[in-house]
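Residue numbers (the working numbering), protein chains in the order written: chain V, 1 to 208; chain A, 1001 to 1426.
Ideal placement from N, C-alpha and C gives every residue a C-beta, glycine not left out.
See below:
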């Protein structure tokens, strides 16, 4: 896809956040993912141009970080935590069943382009294990059945909302724009904390 | 008498705790106003006197770190907040930022004043979309209210999935727009950090602890905790327990006390092993239930307080499987810069996979330990050291279990039994 003048203006505004332009390379990579869904050659070229770098320098950064995708992912990118704690508590079973249920493997996309699957590392929600992420939103305390229901709802075009997140699951491209630091106006939606987060506070108020 | 002491988490149960209004209702931004009226050196002294130590794992005294920044050098100084929370088991900064991002912003204002910086960067991991929204909105609201932009600017920098960027110098390279690989030290960030300028890198919880210290004083903070580990901190309990969650308590509480509050290990099961501070801290067993969870107590018992990520595993868990999975994580996250870590973690995985499948020999255990010996202390950064912790500690406490895999020709455990939904038709 071609980058319009308006896109370039957004990219320039991202660069202005930093004392030195090169620091903007990561949000710019998130930004090109928000346009194309993944890091395309055109996206690399566009970043290289605005930062006055070689394309190879941008590619070198892009390939280091796992969130930058070299190929398209689904409209809803599902990550199942299979780091030790989540794996033991059920993450391995959830990941295996989702692969089977969707008929795809790790880092693959369903034929309809709706759902892609990835086993992910610890996502800082261990007190909500087993954890599933979709477009990097939290789906806490998952089971094999709830995870299957979740991906079914995505394929039906009406994804279940995150446990701790906005009222509606945004698409991969929309989430990528948030990760580029652009506001989608949804910060006020969703809970401020889930029950495990509040457990110690609650017990303390009970005098325990 | 309650053993808990919510300070950071005191108002998380209010629905609007993450908003500027919700934060101000409980004295939000009064500490920064107070600090800005103080001499910067007095703020550093206050934080030194409080005894606050880094909550990101290393436990370095925060005030001392601030004091290393050269003064009157006519250079830009930077504050960088490490919000790249990725250590397996660690889940405290993420809920903190979701529930109360403003306390971090206020901490940034105070810290910037102390170290004479005009610019703070918050480096947050990229896999937490809603937390990014919350922090970005809080920054925008703080600018709109004139809290930011009058001497201090805060920029949110969003990562993209790399555990190594939690290492402070790799984080700086990443923030400068490069692959996140650690730097040789010295020079330390205090002398040549971001853009080769004097830089303080602090964990989220460390900076978020500062406003309460400014408002309540060093003596108040000193009154909590143990002799050398002062104040309160977030303990994150996860795994095979009845009620997992965040427990903010004075440093020095024990796992037995926290487990009592959490309803214990899940019914019908018993504690087998646990991490005191994430997967990079050597494992503990039920012999360590009464170890004081402060920097000295945990170190004296042979591990590290780390991030206070208490991951609990009961007797249904195969320790070899657990350790293999962590090792696969370190292999995946090794940045590739240094040979001991890049090659070493790869070989550790090969050997552990064979052992788990019952295909190895007892000599492989010696080989694992030898490999660990050649990684520990010889790697460029702490990632390599951390990778050896679960292996060496598990062989120390559970050697027989490794051997059982060999004698039985496979894993003696049923993985279904360790799941949360075991027996629920999973």
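Q) Are there three or more Cβ pairs, one per stretch, closer than 8 Å when the region 1189-1201 of chain A is compared with the region 1014-1030 of chain A? A) no
Q | Rounded separation between residue 1380 (chain A) and residue 25 (chain V) - CA only | A | 25 Å
Q) Bridge partners of residue 1061 (chain A), per DSSP? A) A:1053
(Q) Rounding to the nearest angstrom, what Cα-Cα distance links residue 141 (chain V) and residue 1162 (chain A) in this structure? (A) Going from the Cα of residue 141 (chain V) to the Cα of residue 1162 (chain A) covers about 24 Å.
Q | Supposed close pair residue 1104 (chain A), residue 1253 (chain A) - CB separation, criterion 8 Å | A | 24 Å between Cβ atoms; not a contact.
Q: In the DSSP assignment, find the unbroken alpha helix (DSSP H) run with residue 1030 (chain A) in it and report its ends.
A: 1030-1036
Q) Roughly how many angstroms separate the alpha carbons of residue 1096 (chain A) and residue 1010 (chain A), rounded to a whole number? A) Approximately 11 Å, taken between the alpha carbons.
Q | Cα-Cα separation, residue 95 (chain V) to residue 1200 (chain A) | A | 40 Å
Q.
I'd like to check one pair, residue 1078 (chain A) with residue 1194 (chain A): are the Cβ atoms closer than 7 Å?
A. Yes, Cβ-Cβ distance for residue 1194 (chain A) and residue 1078 (chain A) is below 7 Å.
Q) Taking any Cβ of chain V, which residues in the region 1193-1212 of chain A have a Cβ under 8 Å from it, in chain order? A) Residues of the region 1193-1212 of chain A that bring their beta carbon within less than 8 Å of a beta carbon in chain V comprise 1195, in sequence order.
Q: Could you give the DSSP three-state label for residue 1399 (chain A): helix, strand or coil?
A: helix
(Q) Less than 7 Å between the beta carbons of residue 1181 (chain A) and residue 1337 (chain A), yes or no? (A) yes
**Q.** Short-range partners of chain V found in the region 1295-1306 of chain A, where Cβ spacing is below 8 Å
**A.** none
Q) Which same chain residues, not among the five before or five after residue 1295 (chain A), have their C-beta less than 7 Å away from its C-beta? A) 1053, 1059, 1228, 1229, 1305
(Q) Rounded to whole angstroms, what is the Cα-Cα separation between residue 956 (chain A) and residue 189 (chain V)? (A) In this structure chain A extends from 1001 to 1426, so residue 956 (chain A) is not present and cannot be described.
Q.
If distances are taken between C-alpha atoms only, which option among A:1094, A:1205, A:1233 comes closest to residue 210 (chain V)?
A. One cannot answer for residue 210 (chain V) here, as it falls past the ends of chain V, which runs 1 to 208.
Q. If you measure from the beta carbon of residue 1426 (chain A) to each beta carbon in chain V, is any gap under 7 Å?
A. Its pLDDT being 36, under 50, residue 1426 (chain A) is placed unreliably in this model, and the value from its coordinates should be taken loosely. Yes - at least one Cβ of chain V is within 7 Å of the one on residue 1426 (chain A).
Q) Helix or strand or just coil, what does DSSP make of residue 1264 (chain A)? A) coil
Q: Could you list which residues in chain A have their beta carbon closer than 9 Å to that of residue 68 (chain V), in chain order?
A: 1160, 1161
Q.
Under 7 Å, Cβ to Cβ, is there at least one residue of chain A near residue 169 (chain V)?
A. no
Q: Apply the 10 Å Cβ neighbour rule to residue 1223 (chain A) and answer buried if 16 or more other Cβ atoms are within range, or exposed otherwise.
A: Counting Cβ neighbours within 10 Å, residue 1223 (chain A) comes out exposed, since fewer than 16 surround it.
Q: Check residue 1413 (chain A) in the structure and name its three-state DSSP category.
A: coil
Q: Can you check the region 1141-1198 of chain A for any alpha helix (DSSP H) of at least 4 residues that lies completely inside it and give the ranges in chain order?
A: 1168-1175, 1189-1192
Q. What separation, rounded to the nearest whole angstrom, lies between the Cα atoms of residue 1247 (chain A) and residue 1361 (chain A)?
A. 43 Å
Q: Locate the alpha helix (DSSP H) running through residue 1090 (chain A), then write down its first and last residues.
A: Unbroken run through residue 1090 (chain A): none, as it is neither H nor E.
Q: Quick one: give me the first and last residue of the beta strand (DSSP E) that residue 1119 (chain A) is part of.
A: 1119-1124
Q: Indicate whether at least one CB of chain A lies closer than 7 Å to the CB of residue 71 (chain V).
A: Chain A, which has no Cβ nearer than 7 Å to the Cβ of residue 71 (chain V), makes this no.
Q) Does the distance from the C-beta atom of residue 118 (chain V) to that of residue 79 (chain V) stay below 7 Å? A) Between residue 118 (chain V) and residue 79 (chain V), the gap from beta carbon to beta carbon is short of 7 Å.
Q: Output yes if chain A places a C-beta closer than 7 Å to the C-beta of residue 200 (chain V); else output no.
A: Chain A contact via Cβ: present.
Q. Which same chain residues, not among the five before or five after residue 1132 (chain A), have their C-beta less than 8 Å away from its C-beta?
A. 1124, 1126, 1156, 1158
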